[in-house]
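First up is the structure itself, then whatever we jot down about it.
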Amino acid sequence: MPKYVNQAINDEILEKLSLKNRYSFVNNNLMALLSADQFNYLKKVQKFCMRFEKKNDIVHGPGEDVYDWIPAFGAEGYITRAHTFEMIDVVYEEYGAVADFLRYLAVDNFDPQFAMGSGATVLAINPIYDHHENVPERLEALKDLVTGQSSGCICITEPERGSDAVHQLTTCDEQEDGSFLLNGEKIYNTNAPKSKWAVVYATAEKNNGNLMAQFLVNTSWEGWKCDRVNIPYVDKLYLGHEHLENLRIPKEYILGPVGKGREHMFEGLVPERIGIACGAIAQCWGAVSHAAIYVNMRKQFDQEVLKFQGVGFLLTDLWAKTTNLTLGLLKFCEEYDKKMEKFEEHIPANISRALVASASQFKYHCTNLSKQICYEAANLMGGAGLSDNTLMHDYVNISRIQEIVGGSRQIQQYIMSMSLRQLFKML
Ligand SMILES: Cc1cc2nc3c(=O)[nH]c(=O)nc-3n(C[C@H](O)[C@H](O)[C@H](O)COP(=O)(O)OP(=O)(O)OC[C@H]3O[C@@H](n4cnc5c(N)ncnc54)[C@H](O)[C@@H]3O)c2cc1C
Numbered sequence: 031m032p033k034y035v036n037q038a039i040n041d042e043i044l045e046k047l048s049l050k051n052r053y054s055f056v057n058n059n060l061m062a063l064l065s066a067d068q069f070n071y072l073k074k075v076q077k078f079c080m081r082f083e084k085k086n087d088i089v090h091g092p093g094e095d096v097y098d099w100i101p102a103f104g105a106e107g108y109i110t111r112a113h114t115f116e117m118i119d120v121v122y123e124e125y126g127a128v129a130d131f132l133r134y135l136a137v138d139n140f141d142p143q144f145a146m147g148s149g150a151t152v153l154a155i156n157p158i159y160d161h162h163e164n165v166p167e168r169l170e171a172l173k174d175l176v177t178g179q180s181s182g183c184i185c186i187t188e189p190e191r192g193s194d195a196v197h198q199l200t201t202c203d204e205q206e207d208g209s210f211l212l213n214g215e216k217i218y219n220t221n222a223p224k225s226k227w228a229v230v231y232a233t234a235e236k237n238n239g240n241l242m243a244q245f246l247v248n249t250s251w252e253g254w255k256c257d258r259v260n261i262p263y264v265d266k267l268y269l270g271h272e273h274l275e276n277l278r279i280p281k282e283y284i285l286g287p288v289g290k291g292r293e294h295m296f297e298g299l300v301p302e303r304i305g306i307a308c309g310a311i312a313q314c315w316g317a318v319s320h321a322a323i324y325v326n327m328r329k330q331f332d333q334e335v336l337k338f339q340g341v342g343f344l345l346t347d348l349w350a351k352t353t354n355l356t357l358g359l360l361k362f363c364e365e366y367d368k369k370m371e372k373f374e375e376h377i378p379a380n381i382s383r384a385l386v387a388s389a390s391q392f393k394y395h396c397t398n399l400s401k402q403i404c405y406e407a408a409n410l411m412g413g414a415g416l417s418d419n420t421l422m423h424d425y426v427n428i429s430r431i432q433e434i435v436g437g438s439r440q441i442q443q444y445i446m447s448m449s450l451r452q453l454f455k456m457l
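Under this note's numbering, read the sequence shown as residues 31 to 457, first letter to last.
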């Protein structure tokens, strides 16, 4: 299977751009910033990715289906490390926000589209983890998703309700036996056409956020019809447009009853936004590591192009910003883990509110930076950065959608401005 239509980058540089060398670049940057445990864990995930790439002759080319890789990563516990999962006998030594950040960094450097797809599965894992109540049907779904037996998706967005996610039009009608019937449409749900499990929001009354509920859906059930939506920037991912027609949800699959849906949705937004921020920073490292290797080797006017200030100084700017924001995010993740431990996963409301603002700040800032860095790093590589010879085109493309997913840039700014209002009222 060809990796590219035509080789544009010379053999020597292309070889130097290997995953191994890009990991080395990242590691040499992070070695002094991470604790020994954190660093060793990062290297462990990297080692798995390198072996997996080599063993399966993965070339990140157009003929590969990233969904084929999920079972292998799931078996190693690399779909998510946000939690350990004693309730399904999947126990991890390293888990929490930091472990998941480092996992994401290694996996994203391996393949950004694959990492983003797994990230969407995590959005289905988190609410089941929070609300399984030891119901066997929910635990079965949790195990499938965590161990990579299947992909998952989260269905919030509707064709007519995007940013305004609390005024949904998809309805849920309770039946005499306690089951619900769902009717409506959802759209842009990452992984949906490939998912066995979906977490779906609906409302007992259209446009009424107070009456929202949250359901776990097996996509083989009658009433679930899903077509693929093509997002060319992430052409290997399958996004769904679902038509729900009298989709019956048995009682066991109600994760949040009517009246609890909105709360459950907001509860998931802090980890979701931090996850997107981690992905965005991982993309920055992917782009900077490519550019740093390339411009140290590429010669023009008989000199390595790094030595021209226009190139070298721009790269230092991208590098410094990436390092600094990585440190900020790492600090947030460390504090988040400490608080989760201290409050046994039930962080008090006042702290939680502050975390909502921080999550929006990071989501806003990291995705904004990633958009700039991936583009500029590719630009420093000239034609090579835009060609299909490396992952750079994936970075440029994926960095252009992260500001929309998980709440657009303007919505993060809106949330932050509300926080500023709260802070003022506290004076
Ligand atoms: C690649 C991709 C993956 C996605 N994955 C998922 C998924 O897994 N699950 C899921 O449920 N959804 C998913 N989405 C949907 C995503 O969350 C929505 O696209 C996003 O919330 C914006 O909604 P919208 O597209 O309807 O835009 P709209 O809400 O129509 O927004 C259009 C424009 O108006 C702006 N705007 C809207 N309201 C305001 C306001 N109050 N103030 C200022 N500006 C405003 C927006 O910022 C945007 O610029 C995905 C989308 C993409 C592109």
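Where is the CB? At the ideal position from N, CA and C, for every residue including glycine.
> Run through DSSP, which three-state label would Phe115 get?
Replying inline: Counting from one through the sequence shown, the residue named residue 115 turns up at place 85. DSSP places Phe115 in strand when its eight states are reduced to three.
>> Taking DSSP's pairing of strands, which residues face Ala243 in a bridge?
In response: Residue mapping note: residue 243 aligns to position 213 of the sequence shown, counting from 1. By DSSP's assignment, Ala243 forms a beta bridge with Ala232.
> Going by beta carbon distance, what residues of the same chain come within less than 7 Å of Leu169, once the five residues before and after it are set aside?
Replying inline: Here residue 169 refers to the residue found at position 139 of the sequence shown. Met117, Ile118 and His162, listed in sequence order.
>> Spatial neighbours of Gln339 within its chain, please: C-beta separation below 6 Å, excluding the five flanking residues on both sides.
In response: Numbered from its first residue, the sequence shown carries residue 339 at position 309. Closer than 6 Å at the Cβ level, and outside the excluded window around Gln339, lies no residue.
> Buried or exposed: where does Ala127 fall if 16 or more other Cβ atoms within 10 Å of its Cβ makes it buried?
Replying inline: For the purposes of this step, residue 127 is identified with residue 97 of the sequence shown, where counting begins at 1. Answer is buried; the Cβ neighbour count reaches 16.
>> Going by DSSP in three states, Asn70 sits in which element: helix, strand or coil?
In response: Along the sequence shown, one-based indexing puts residue 70 at 40. If DSSP states are grouped into helix, strand and coil, Asn70 belongs with the helices.
>> From the DSSP secondary-structure annotation, give me the bridge partner or partners of Ile184.
In response: For the purposes of this step, residue 184 is taken as the residue at position 154 of the sequence shown. Ile184 is bridged by DSSP to Val229.
>> Among the candidates Gln143, Phe69 and Lys84, whose CA atom is the shortest distance from the CA of Leu132?
In response: Position 102 of the sequence shown holds residue 132. When each option's Cα is compared against that of Leu132, the closest is Phe69.
> Pick from Ser429, Thr177 and Glu190: whose alpha carbon is nearest that of Glu406?
Replying inline: Against the sequence shown, residue 406 aligns to sequence position 376. Per the Cα distances, Ser429.
> Would you report the Cα separation of Tyr324 and His271, rounded to the nearest angstrom?
Replying inline: Here residue 324 refers to the residue found at position 294 of the sequence shown. Here residue 271 refers to the residue found at position 241 of the sequence shown. Going by the C-alpha atoms only, they are around 40 Å apart.
> Asn221 lies in the beta strand (DSSP E); which residues open and close that run?
Replying inline: By one-based count along the sequence shown, residue 221 stands at place 191. Taken as a continuous stretch (DSSP letters only), Asn221 belongs to no beta strand (DSSP E), as it is neither H nor E.
>> One question on the structure: do Gly107 and Tyr122 come within less than 9 Å of each other, judged by their Cβ atoms?
In response: Here residue 107 is taken as the residue at index 77 of the sequence shown, counted from 1. Here residue 122 is taken as the residue at index 92 of the sequence shown, counted from 1. Between Gly107 and Tyr122, the CB-CB gap stays under 9 Å.
>> So, with DSSP's three-state summary, where would you put Ile445?
In response: As a first step, residue 445 must be located in the sequence shown, where it is residue number 415. Of the three classes helix, strand and coil, the one that applies to Ile445 here is helix, per DSSP.
> Enumerated in chain order, which unbroken segments of the alpha helix (DSSP H) with a length of 4 residues or greater are wholly contained in the stretch 137–210?
Replying inline: 142–161 and 166–176
> Just the Cα atoms here: how many angstroms apart are Thr151 and Glu45?
Replying inline: Taking the first residue of the sequence shown as position 1, residue 151 is located at position 121. Taking the first residue of the sequence shown as position 1, residue 45 is located at position 15. Those two C-alpha atoms are separated by around 33 Å.
> Straight-line CA distance for Tyr218 to Glu334?
Replying inline: Sequence index remark: in the sequence shown, residue 218 carries index 188 (1-based). Sequence index remark: in the sequence shown, residue 334 carries index 304 (1-based). Going by the C-alpha atoms only, they are around 44 Å apart.
>> In the DSSP output, what is Trp254 paired with across the bridge?
In response: Start at 1 with the first residue of the sequence shown, and residue 254 comes out as number 224. Trp254 pairs with Leu274.
> By a C-beta neighbour count over all protein chains shown, 10 Å radius and 16 as the cutoff for buried, is Met31 buried or exposed?
Replying inline: The residue labelled residue 31 in the question sits at position 1 within the sequence shown. Bear in mind that the predicted position of Met31 carries a pLDDT of just 43, short of 50, making it too unreliable to give a figure here.
> Buried or exposed: which applies to Met456, given that a residue is buried once 16 or more other Cβ atoms fall within 10 Å of its Cβ?
Replying inline: On the sequence shown, residue 456 is found 426 positions in, with the first residue counted as 1. Looking at its Cβ environment, which holds fewer than 16 other Cβ atoms inside 10 Å, Met456 is exposed.
> Is the number of C-beta pairs between the stretch 297–311 and the stretch 42–57 that are closer than 8 Å three or more?
Replying inline: In short, these stretches do not touch, since the Cβ pair count stays below three.
>> Taking CB distances under 9 Å as the criterion, tell me whether Asn237 reaches chain B.
In response: Structure shown: chain B not included; a single protein chain is present.
>> Output needed for Val264: all residues of its chain with C-beta closer than 8 Å, excluding positions within five of it in sequence on either side, in chain order.
In response: Here residue 264 refers to the residue found at position 234 when the sequence shown is read from its first residue. Around Val264: Gln143, Met146, Asn427, Ile428 and Ile431.
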